[in-house]
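One line per chain: the protein sequences are A and B, in this order.
So for the first sequence, this note's numbering puts the first residue at 1; every next one is plus one.
So for the second sequence, this note's numbering puts the first residue at 294; every next one is plus one.
Where is the CB? At the ideal position from N, CA and C, for every residue including glycine.
This report refers to the structure that appears directly beneath it.
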Amino acid sequence: MTQSSRTTGGRRFGVGWMLLSPALAVYGIIFLLPALLLMVISFQVNAPELYLWERVYSPENYRRFYTDPYFLKVIGKTLAYCVVVVLATLVVGYLLAWSIYKARSFAKTTLITLVLTPLFSGALLQSLGWYLLLARYGPINAGLRALGWLDKPFNFLGTDAAVMIALVHAFLPFMVLSILNSLRTIPANLPDAAASLGAGSWSAFIRVTVPLTKGGMIAGSGLVFGMTLGSFATPGIVGQGKIQLLAQIIYQQAIQVFDWPFAAVISLNLLAMLGMISALLALLTRRTGGEVR
Amino acid sequence: MNAGGKWLSGSVKALYHGAVWLAFLFVTAPGLLMIIVAFNDADYFSFPLKGVSLRWFVEMAENGNYRGSVVSSLRLALYATALSVLLTLPASLWLHRRANRFVETVLLAPLFFPLVIWSLGLLQLYGMFGLSGRFVTLVLAHTVMVTPFILRVVLQSLREMNSRLEEAAYSLGAGKWSTFRRVIFPIILPGVMVGAVFGYLISFTDVTLTMFISSSGNTTFPVRVYSEQRSEGLNMVVLAWSAVITFVIFIISLIGEKFARWSRYF
């Protein structure tokens with residue numbers, strides 16, 4: 001095939017790198033270069049007034065990061081958030097995906113739209129919604145006081161639970177769609193076949209359906225884990241500055257403290273954690289034979 | 294529902310339906326509340342509403358204060374999406390032919406790369422060349438941010454296309470360009486449009502990337518509201534804008550799912 005396309009003077013698309021080079025050029029400058037720059041900068045002694053070539057290099061920033069208990073605590077806290085948010089989105093996401101999968105076609109469109117809308121609304125509008133829900137004079141406080149469970153308004157904003165709930169809500173659509181799309185690839189008669197072979201419906205669900213969606217669950221978990229690890233706006237609004245996750249610390253170091261090298265060190269550590277998790281999930285996928293879509 | 298209904302005893306079934314309802318309430322509550330409170334007939338956010346009125350929408354239409362940042366968001370998303378489509382079309386044609394996993398991974402990478410980290414690198418890169426805060430730097434960054442979303446949809450459209458049609462066009466003597474223009478492009482056009490809408494919304498609603506690299510002159514609506522909210526709280530005009538944007542996004546995702554079934558692209 002390639003032979004013939006070469007001899008006919010490249011009549012087919014994709015012969016030339018010309019098609020690819022504009023995208024690669026933009027990526028190189030806007031995406032790859034900044035990432036490389038971070039690695040270089042992470043070894044610099046902070047001196048914004050000096051030119052790049054005049055700066056002094058040392059591993060000091062890394063030493064400071066790994067020996068300061070504050071940053072280790074932030075890492076631990078961020079990872080704990082990731083685990084909680086992934087597990088919660090898995091449970092709630094599976095429930096939603098299953099109910100959409102089983103719904104009739106008209107209801108299906110509406111239900112999917114309800115799940116998609118938060119996804120497209122973005123972090124700001126979503127977290128403003130949670131900000132209003134959880135505020136001192138918001139509906140949740142009003143409801144709890146009407147029930148007599150609270151005597152005076154309680155500020156839920158700035159608590160770990162509030163931020164976790166908002167993050168679960170923010171990343172839930174990705175999990176639902178991941179699982180839903182892997183449910184859609186299951187042949188419709190397979191669970192029935194299992195049932196006709198004597199499996200109860202519940203055991204057919206657990207032993208046939210769930211294993212077949214393992215790929216979607218793993219892919220969704222990876223995505224949600226990564227997004228929680230880098231979440232910035234939601235903890236900012238719902239956490240009201242009281243909840244400091246890694247991304248907030250990076251912003252603070254870069255924009256407020258103006259210590260770019262140190263912000264770079266934190267960033268690279270975050271990236272390393274993401275890399276390890278991806279490798280782990282890839283291994284898990286291969287081990288269980290699930291297929292990542 | 295029927296097939297599953299047999300095995301669930303009544304109470305378990307009720308529990309399941311209750312859980313599904315609760316889960317959907319959880320998904321929709323923030324957006325719904327966002328729309329409801331904008332109708333409040335009071336000077337600040339309160340719940341229950343003090344009364345229903347449209348006055349904040351009127352105020353929103355008359356008050357130019359936030360309109361500038363909304364327009365700035367719309368414009369940025371438009372330029373970034375258009376530029377990204379121009380980059381994505383040829384790149385996806387190349388990828389469709391070559392099926393090069395490495396190049397595909399590189400082009401999809403921004404999807405999985407934490408925005409904070411990338412934004413920090415960009416901030417430093419732009420700073421080094423004295424370009425910080427220029428509108429064009431925002432457009433380029435947003436272009437790369439939305440490209441993976443568009444690329445995925447366009448690639449899938451190409452893969453779903455019947456390749457015989459393309460072969461037929463060539464064998465009938467059509468050149469590369471006219472085959473693209475008359476055969477391939479019309480077939481993948483719905484996919485390109487879905488991708489463009491995806492990309493547009495991603496860019497329009499972004500906080501993180503814009504927060505790092507925008508200047509006060511070209512701040513977008515989400516970034517402006519984010520910074521204000523932290524310092525001076527929310528005002529009713531912002532809530533009115535948020536209600537309108539939430540509603541428009543709901544309509545767009547309804548249309549996209551009904552006519553293009555776009556949830557399958559994820």
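What is the DSSP secondary structure of VAL345 of chain B, reduced to helix, strand or coil? strand
Just to make sure I have the definition right: I need the residues of chain B whose C-beta is within less than 7 Å of the C-beta of TRP130 of chain A. Which are they? PRO323
ILE545 of chain B and VAL490 of chain B look like a contact to me (Cβ under 8 Å); what is the Cβ gap, rounded to whole Å? 7 Å
Within 10 angstroms of the Cβ of VAL265 of chain A, are there 16 or more other Cβ atoms? Answer buried if so, exposed if not. By the neighbour-count definition (other C-beta atoms within 10 Å, threshold 16), VAL265 of chain A is a buried residue.
To the nearest angstrom, report how far apart ARG6 of chain A and LEU371 of chain B are at their CA atoms. No answer about ARG6 of chain A holds up, because its pLDDT of 39 lies below 50 and its placement is not dependable.
Decide if LEU376 of chain B is buried, meaning its Cβ has at least 16 other Cβ atoms within 10 Å, or exposed. buried
Looking at the C-beta of GLN417 of chain B, does it have a partner C-beta in chain A at a distance below 7 Å? Yes, because at least one Cβ of chain A sits closer than 7 Å to the Cβ of GLN417 of chain B.
Where are the alpha helix (DSSP H) runs, 4 residues long or more, that stay fully inside the region 74–146 of chain A, in chain order? 105–134, 139–146
Can you check whether the C-beta of THR539 of chain B is within less than 7 Å of a C-beta belonging to chain A? For THR539 of chain B, the answer is yes, since a Cβ of chain A falls inside 7 Å of its Cβ.
Do LEU274 of chain A and GLY241 of chain A have their C-beta atoms within less than 7 Å of each other? no
Would you tell me roughly how many angstroms separate the C-alpha atoms of ILE249 of chain A and LEU408 of chain B, rounded to the nearest one? 14 Å
Output, in chain order, the set of chain B residues within a Cβ distance shorter than 7 Å of LEU116 of chain A. Within 7 Å Cβ-Cβ: SER546, GLU550, SER556.
Residues in the region 25–42 of chain A with C-beta within 7 Å of chain B's C-beta atoms, listed in sequence order? VAL26, TYR27, ILE30, PHE31, LEU33, PRO34, ALA35, LEU37, LEU38, ILE41
Where the alpha helix (DSSP H) containing ASP160 of chain A begins and where it ends: 160–183
Nearest to MET217 of chain A by alpha carbon, out of A:GLN44, A:LEU90, A:GLU49, A:ARG64? Among A:GLN44, A:LEU90, A:GLU49, A:ARG64, the Cα nearest to that of MET217 of chain A belongs to A:LEU90.
Using 8 Å as the cut-off, can you tell me whether the region 501–511 of chain B makes contact with the region 445–452 of chain B, which would need three or more C-beta pairs spanning the two stretches below that distance? By the Cβ test, the region 501–511 of chain B is not in contact with the region 445–452 of chain B, since fewer than three Cβ pairs between them sit closer than 8 Å.
Checking contacts by CB at 7 Å: is PHE395 of chain B closer than that to chain A? no
For the alpha helix (DSSP H) containing VAL399 of chain B, name the first residue and the last one. 394–401
Using the beta-carbon of each residue, which ones in chain B are nearer than 7 Å to TRP260 of chain A? GLN417
Interface residues of chain B around ILE250 of chain A at Cβ under 8 Å? VAL409, ILE410, LEU413
Measuring only the C-alpha atoms, how far is ARG445 of chain B from LEU382 of chain B? 11 Å
Is the CB of TRP349 of chain B under 7 Å away from at least one CB in chain A? no
Using three-state DSSP, classify ASN155 of chain A as helix, strand or coil. The answer is coil: DSSP assigns ASN155 of chain A none of H, G, I, E or B.
Chain B partners of GLY198 of chain A, CB-CB under 8 Å? Here the premise fails: no neighbours, minimum Cβ distance about 13 Å.
Does TYR137 of chain A have its Cβ less than 7 Å from a Cβ in chain B? Chain B has a Cβ within less than 7 Å of the Cβ of TYR137 of chain A.
Identify whether ASN299 of chain A lies in helix, strand or coil by the three-state DSSP scheme. Nothing about residue 299 of chain A can be reported from this structure: the residues present for chain A run from 1 to 293 only.
Look at the alpha carbon of LYS343 of chain B and the alpha carbon of VAL320 of chain B, and state the distance between them as a whole number of angstroms. 26 Å
Would you call the region 454–466 of chain B in contact with the region 504–511 of chain B, where contact means no fewer than 3 C-beta pairs closer than 8 Å? no
DSSP state of GLN44 of chain A mapped onto helix, strand, coil: strand
Go through its chain and collect everything with a Cβ distance to PHE442 of chain B's Cβ below 8 Å, but skip five positions before and after it. LEU404, GLY488, PHE491, GLY492, ILE495
Taking the C-alpha atoms as reference points, what is the distance between VAL363 of chain B and LEU424 of chain B? 23 Å
Can you find the residues in the same chain that come closer than 8 Å, C-beta to C-beta, to LEU380 of chain B, ignoring five residues on each side of it along the sequence? THR436, THR440
In the structure shown, what three-state DSSP assignment does ASN511 of chain B receive? If DSSP states are grouped into helix, strand and coil, ASN511 of chain B belongs with the helices.
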